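What follows is a set of notes on a single structure, which appears directly below.
In my numbering, the protein residues as written are 2 to 135.
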């Protein structure tokens with residue numbers, strides 16, 4: 002018999018998802034405040050821009066999820082390496098698609114939102130794969 006998910010567990014999961022999404026932007030904001038020379042990097046070096054964005058969004062999504070798993074707020078298996086890889090790949094694929102299909106890159110590109118969302122979802126990919134195989 003499967004354990005029932007309570008309303009409190011669902012609320013915690015939604016709060017963690019929300020903070021993962023917020024921290025994808027928070028890490029990038031912190032980096033742009035610490036290194037203000039990145040103001041015009043989008044126009045001058047789009048590949049470096051995407052690399053920085055990719056690392057920041059991955060760090061934001063992974064670190065909040067890691068904290069939630071380590072503190073026991075989420076009752077899911079640790080699998081940190083698989084979660085990191087899912088987050089990295091989840092953010093990378095839409096960013097590469099944005100580079101290919103939306104050249105030149107512009108602020109407000111819809112692929113940025115998709116990349117943030119898939120980075121967060123990539124963190125939970127090991128659970129989805131495990132459930133499907135079981």
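Here a beta-carbon is modelled for each residue, glycine too, at the ideal position from N, C-alpha and C. Nothing here was measured: the structure is a model prediction, and the numbers come from that model.
Cβ shell of residue i (< 6 Å), same chain only, five flanking positions each side left out
| i | result |
| --- | --- |
| residue 110 | 99, 103 |
| residue 83 | 127 |
Rounded separation between residue i and residue j - CA only
| i | j | result |
| --- | --- | --- |
| residue 77 | residue 101 | 36 Å |
| residue 30 | residue 7 | 35 Å |
| residue 55 | residue 28 | 11 Å |
| residue 19 | residue 117 | 11 Å |
| residue 1 | residue 69 | Since the first residue of the chain shown is 2 and the last is 135, residue 1 is not available in this structure. |
| residue 115 | residue 71 | 27 Å |
| residue 67 | residue 81 | 7 Å |
| residue 23 | residue 86 | 20 Å |
| residue 15 | residue 108 | 28 Å |
Own chain partners of residue i with C-beta closer than 7 Å, once the 5 adjacent residues on each side are dropped
| i | result |
| --- | --- |
| residue 120 | 25, 58, 59, 62, 88, 91, 92 |
| residue 74 | 13, 17 |
Cut-off 8 Å between Cβ atoms - residues of its own chain near residue i, not counting five sequence neighbours on either side
| i | result |
| --- | --- |
| residue 32 | 39, 53, 57 |
| residue 106 | 43, 47, 50, 51, 99, 100 |
Reduced DSSP category for residue i - H, G, I as helix; E, B as strand; rest coil
| i | result |
| --- | --- |
| residue 21 | helix |
| residue 143 | Because the chain is modelled from 2 through 135, residue 143 falls outside the range shown and cannot be assessed. |
| residue 119 | helix |
| residue 78 | coil |
Continuous alpha helix (DSSP H) assignments of at least 4 residues falling wholly in the segment 26 to 68
42 to 45
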